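Basically the numbering used here = 1-based index in the sequence shown + 13. Below: one structure, written as structure tokens.
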Amino acid sequence: MNNIATTLPPELQLKVTREFERSQLRRAITTQVADTDSLLGTTSDTTHLLLNELSGFINKLNKATTLAEVRASAASLQSAIGHIEADVAAGSLTFPYQSKGQQSVMDEISARATAVNQVLSK
Numbered sequence: 014m015n016n017i018a019t020t021l022p023p024e025l026q027l028k029v030t031r032e033f034e035r036s037q038l039r040r041a042i043t044t045q046v047a048d049t050d051s052l053l054g055t056t057s058d059t060t061h062l063l064l065n066e067l068s069g070f071i072n073k074l075n076k077a078t079t080l081a082e083v084r085a086s087a088a089s090l091q092s093a094i095g096h097i098e099a100d101v102a103a104g105s106l107t108f109p110y111q112s113k114g115q116q117s118v119m120d121e122i123s124a125r126a127t128a129v130n131q132v133l134s135k
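Below is the structure:
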């Protein structure tokens, strides 16, 4: 790896090194955590849970006419995911974006979403 990278121009060396490091991290995640399909399944489950809970919250909130009804509308969502904030604060739950940096993750989301949309809109 290093011999190949050092024969390249500096900007390509950096790109090759970053890709190698990324592949090493992905390999470690696959062997220590889960394969890509399992991770995708967990992501899908998370998205579905949030979509269902958020839909219920919005529907109840839309019908609320009193402060008590507004508070009650959040009960299911709070029950399903309300503990996450405390778990993160306590350090018992961490998310990859915390290590990657929130701005870096937001930039990646924006770049990928835009690139996919550009392909779809052609």
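C-beta: ideal position from N, C-alpha, C; glycine also. Owing to the predicted nature of the structure, the values given are computational and were not obtained by experimental measurement.
By the CB criterion at 8 angstroms, E66 and A93 fall inside the cutoff.
When C-beta atoms of the region 51-69 are compared with those of the region 83-97, three or more pairs fall below 8 angstroms, so the two segments count as touching.
Residue environment analysis places L62 among the exposed positions, since fewer than 16 neighbouring C-beta atoms fall within 10 angstroms of its C-beta.
Approximately 25 angstroms separates the beta-carbon atoms of S57 and K73; this is outside 8 angstroms, ruling out the contact. For T30, the uninterrupted alpha helix (DSSP H) segment begins and ends at 23-45. Assignment of K113 by DSSP, reduced to helix, strand and coil, places it in the helix class.
In the structure shown, the three-state DSSP call for A126 is helix. One alpha carbon belongs to I42, the other to V29, and they sit about 20 angstroms apart. In the structure shown, K135 adopts coil according to DSSP, grouped into three states.
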